[in-house]
Amino acid sequence: MNSELFSIIESLIFTADSALSTDRICDLLDEFERDKIKVALAEIVACYQERAGGFELVEVAGGWQFRTRPAFHRYITRHIKTRASKFSQSALETLAIIAYRQPITRAEIEHLRGVDCGGVLKSLLEKHLVRILGKKDVPGRPLIYGTSKEFLEIFGLKDLKSLPTLREIQALDEQPQYERQEELQLEPEKAIPVESQLPFE
Amino acid sequence: MNSELFSIIESLIFTADSALSTDRICDLLDEFERDKIKVALAEIVACYQERAGGFELVEVAGGWQFRTRPAFHRYITRHIKTRASKFSQSALETLAIIAYRQPITRAEIEHLRGVDCGGVLKSLLEKHLVRILGKKDVPGRPLIYGTSKEFLEIFGLKDLKSLPTLREIQALDEQPQYERQEELQLEPEKAIPVESQLPFE
Amino acid sequence: MAVEAHYHREENLPLLDGFHEQYSVHLDKFDGPMDLLLHLIKKNELDICDISIAVITRQYLEYIKLMKDLNLEVAGDFLVMAATLLQIKSRQLLPIDVDEEPEEDEVDPRNELVRRLLEYQQYKEAGMVIGARALLGREVFTRSAPEPMLTAAQNVEGPLEVSLFELVDAFRSLLQRIPAESFHDVAPGDSLSIVDCINEILSLLQEQDTVQFDTLIQDEYSRERVIVTFLALLELCRLKLIRIFQGNDHGSIWFVPAVTTDSTDSTEVVTLHEL
């Protein structure tokens, strides 16, 4: 038997048409203490994990949402049309670069990928996975891009911190034969130590 | 721990956009026996009744649907305001015209859109996205509109200068130019000044 | 590029088969020069931090030649990389200048490329990891039945949700729809436009009550900037949106919004009824 708060929160999340943040739940249920709400949320998550039913409570894009478990998608797609299609390699690469390096300009993305990214960028904007954050304060004022809330929702990420860590960059720092130091001395404008480019470490 | 069929049925009902009849469930899951599906449905109903959470499985209008329990309806109605309201196309167009052509009069907006904009304009004013800048010094002294501070906040813009221009969006579609190497030269950190060595042209 | 290449590959299969094993890379596989380079490094089992530029450059150029032989359009990006490789190779061949600082001599010309390759490889891998996740709408689904209680109360407005791209796109599609003569100044050139300048002044006046002419042009002091700013001010003045003051002869020019916040509010009330 669950507490009343458990059930109230469950009903709130169940009926919301998008993920509900903890803050929002606390606002809505101002007669309950924040700490108790947090405990109840953890209880709901554990409860659905334990029963391993058709759906579970997950934290995505900074909010809570009930979602089906991936194992059942082949049954669900028998009556629900799939909305997302597979992403191309270039779309995924571009998304990854934007996700890890945001805010980033088109020129910076293209420098990393070595190819023109206008078309990919436009299609990511149209799919609402990427958004325009504003303009960079450098000559020419290029547009700067970042990932959107939809990006987190579609890829089922709690926040940008839960992006998979970039393993290789850490390995790179351990490589003694790679003489980055000298390169940095030569061209000071490049002197952004690799690790500082990782906003999530 | 529930049976797989239990979870599959649960996921089907959860994702359906209206109540699912037993017949429909049996059609969708034709690899399972009808009797077993019926047993599983009864199990799901019993399971939700027993746990007495925020919602339960009920049979309505000849079909199965998850419904919140009436006891919690007073909480559920609280979060209606969390529903993000989407812009209508006409509101978005009008807002775009005002943003890019301000200061602008209602007649000028209507000339561009070709339809009456009174209603849309009123709603944009009420949402504080648009504000009245003053009156134009022409016969009739029509009101002049511009965007507000709230407009900048919603779109996360530092100032009006940060609005992306049409040209910048159109540039995404443009074919990559062979002359791109010259662009690279402009930014010293990318300086691979090799355009003269191109052996292939 | 990938689609195009794939199409040609299908057509030219016999031709491809005749090529030496080294050339018969899958043309549809590469997302750009970096992707191709990574493939060549992997194929040759080279250490990414110690690649043999000679081997890689030769194979890279062979690949480009193959693309040309197959009448594929070689994207400029591939040529830029070819040039980069050749430049690195030529720098490696140059004799060390004894007069130069010794520490500069030690710099490996491959470093910049290696850094880019390592970084690219990371993002390529990260992209694959992200792409392998269960996606909403493909493997994972949310509840789609509308809650009857909420549907009934749908006219209550929540927070607005719209992206900047949608705004620009709405404007763009609008302009495409209407005849060309109905609007002007659609795509302002790189040069300063009066409209931009007006917008800039308007947004400044949202933050502060008075603005000095000099502050408008201090970031970018050019003849064009001064003229455009001045014209924008005149236009705003003509529209009675601002009032201009000058303390004394040759003194600073100040301007303030012609309508104070209070009077704007009262105007707004009136006009809401007018609408």
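Protein chains in written order, with my numbering: chain A, 37 to 237; chain B, 37 to 237; chain C, 194 to 468.
No residue lacks a Cβ here, since even glycine has one placed at the ideal position from N, Cα and C.
Please classify residue i: is it buried, with 16 or more other beta-carbons within 10 angstroms of its beta-carbon, or exposed?
{"i": "A276 of chain C", "result": "buried"}
{"i": "I44 of chain A", "result": "buried"}
{"i": "P139 of chain B", "result": "buried"}
{"i": "N392 of chain C", "result": "buried"}
{"i": "P450 of chain C", "result": "buried"}
{"i": "G150 of chain B", "result": "exposed"}
{"i": "T130 of chain A", "result": "buried"}
{"i": "S54 of chain B", "result": "exposed"}
{"i": "T335 of chain C", "result": "buried"}
{"i": "L56 of chain B", "result": "buried"}
{"i": "K301 of chain C", "result": "The displayed chain sequence assigns Asp, not Lys, to residue 301 of chain C. Result: buried."}
{"i": "I420 of chain C", "result": "exposed"}
{"i": "Q192 of chain C", "result": "A query on residue 192 of chain C cannot be resolved here, the shown segment of chain C reaching from 194 to 468 and no further."}
{"i": "L287 of chain C", "result": "exposed"}
{"i": "P226 of chain C", "result": "buried"}
{"i": "P200 of chain B", "result": "buried"}
{"i": "T422 of chain C", "result": "buried"}
{"i": "S375 of chain C", "result": "With a pLDDT of 46 at S375 of chain C, under the threshold of 50, the modelled position of that residue is not reliable, and no figure is offered here."}
{"i": "G176 of chain B", "result": "exposed"}
{"i": "S124 of chain B", "result": "exposed"}
In the DSSP output, what is residue i paired with across the bridge?
{"i": "E67 of chain A", "result": "Paired residue(s): none; E67 of chain A is not in a bridge."}
{"i": "K122 of chain B", "result": "C:E354"}
{"i": "V513 of chain C", "result": "The structure shown does not extend to residue 513 of chain C, since chain C spans only 194 to 468, so no value can be given for it."}
{"i": "L179 of chain A", "result": "A:K171"}
{"i": "F438 of chain C", "result": "C:W447"}
{"i": "I140 of chain A", "result": "A:Y181"}
{"i": "L56 of chain B", "result": "B:W100"}
{"i": "L329 of chain C", "result": "C:V333"}
{"i": "V166 of chain A", "result": "A:T183"}
What does residue i reach in chain C if we use C-beta pairs closer than 8 Å?
{"i": "F93 of chain A", "result": "The residue asked about is misnamed: residue 93 of chain A is Leu in this sequence, not Phe. Going along chain C, no residue has its Cβ under 8 Å from L93 of chain A, so there is no contact; the nearest lies around 11 Å."}
{"i": "P175 of chain B", "result": "Under the 8 Å cutoff, chain C gives no residues; its nearest Cβ is about 14 Å from P175 of chain B."}
{"i": "I180 of chain B", "result": "L432, L434"}
{"i": "I205 of chain B", "result": "F358, V361, D362, R365"}
{"i": "P139 of chain B", "result": "I391, L395, L429, L432, L434"}
List the endpoints of the continuous alpha helix (DSSP H) containing residue i.
{"i": "E255 of chain C", "result": "246-262"}
{"i": "K282 of chain C", "result": "269-286"}
{"i": "L93 of chain A", "result": "Per DSSP, L93 of chain A belongs to no alpha helix (DSSP H); it is in the beta strand (DSSP E), 91-96."}
{"i": "K317 of chain C", "result": "304-324"}
{"i": "D228 of chain C", "result": "226-236"}
{"i": "R110 of chain A", "result": "109-112"}
{"i": "E428 of chain C", "result": "416-431"}
If the cut is a Cβ gap below 8 Å, which residues of chain A does residue i touch?
{"i": "T403 of chain C", "result": "Near T403 of chain C there are no residues of chain A at all, since even the closest Cβ is about 24 Å away, more than 8 Å."}
Could you give the first and the last residue of the continuous beta strand (DSSP E) run that contains residue i?
{"i": "Q101 of chain B", "result": "99-104"}
{"i": "P450 of chain C", "result": "446-450"}
Sort the options by Cα distance to residue i and report the nearest one.
{"i": "L41 of chain A", "options": "A:R167, A:A78, A:I134, A:L128", "result": "A:A78"}
{"i": "K122 of chain B", "options": "B:I190, B:E46, B:W100", "result": "B:I190"}
{"i": "G182 of chain A", "options": "A:K194, A:R167, A:T104", "result": "A:R167"}
{"i": "A76 of chain A", "options": "A:D173, A:W100, A:V156", "result": "A:W100"}
{"i": "D228 of chain C", "options": "C:A327, C:Q314, C:W447, C:L395", "result": "C:Q314"}
{"i": "R110 of chain B", "options": "A:E86, A:V156, A:P175, A:S47", "result": "A:S47"}
{"i": "F91 of chain A", "options": "B:E129, B:C62, B:A82, B:T51", "result": "B:T51"}
{"i": "V174 of chain B", "options": "B:G155, B:A143, B:A132, B:A88", "result": "B:A143"}
{"i": "H147 of chain B", "options": "C:D270, C:V404, C:L367, C:S386", "result": "C:L367"}
{"i": "L188 of chain A", "options": "C:D362, C:I323, C:V355", "result": "C:I323"}
{"i": "K185 of chain A", "options": "A:G98, A:I73, A:S39, A:C83", "result": "A:G98"}
{"i": "L179 of chain B", "options": "C:L432, C:I257, C:D224, C:E318", "result": "C:L432"}
{"i": "T10 of chain A", "options": "C:A268, C:F448, C:L329", "result": "Outside the displayed range of chain A (37 to 237) lies residue 10 of chain A, so it cannot be described from this structure."}
{"i": "V388 of chain C", "options": "B:D152, B:A135, B:A207", "result": "B:A135"}
By the criterion of Cβ-Cβ separation under 7 Å, what are the contact partners of residue i in chain A?
{"i": "K74 of chain B", "result": "The contacting residues do not exist; K74 of chain B stays about 17 Å from chain A at best."}
{"i": "L357 of chain C", "result": "R167, I168"}
{"i": "A319 of chain C", "result": "A132, Y136, P200, L202"}
Residues of chain C with a CB under 7 Å from the CB of residue i: which are they?
{"i": "I133 of chain A", "result": "Y316"}
Would you mind telling me which residues of chain A sit closer than 9 Å to residue i, beta carbon to beta carbon, in chain order?
{"i": "G98 of chain B", "result": "Those do not exist, as G98 of chain B stays about 16 Å from chain A at its closest Cβ, beyond 9 Å."}
{"i": "D407 of chain C", "result": "Under the 9 Å cutoff, chain A gives no residues; its nearest Cβ is about 21 Å from D407 of chain C."}
{"i": "D209 of chain B", "result": "G154, G155, K158"}
Closer than 7 Å by beta-carbon distance: list the chain B residues that pair up with residue i, in chain order.
{"i": "Q399 of chain C", "result": "K185"}
{"i": "K171 of chain A", "result": "S198"}
{"i": "A338 of chain C", "result": "A52, D53, S54, Q101"}
Cβ closer than 8 Å: which chain B residues qualify as neighbours of residue i?
{"i": "D389 of chain C", "result": "K197"}
Quick check: is any heavy atom of the ligand NAD less than 8 Å from the C-beta of residue i?
{"i": "Q369 of chain C", "result": "This structure lacks the ligand NAD, and indeed carries no ligand of any kind."}
Name the chain C residues whose beta carbon is nearer than 9 Å to that of residue i?
{"i": "E129 of chain B", "result": "A363, F364, S366, L367"}
{"i": "F123 of chain B", "result": "L353, E354, V355, E359, L360, A363"}
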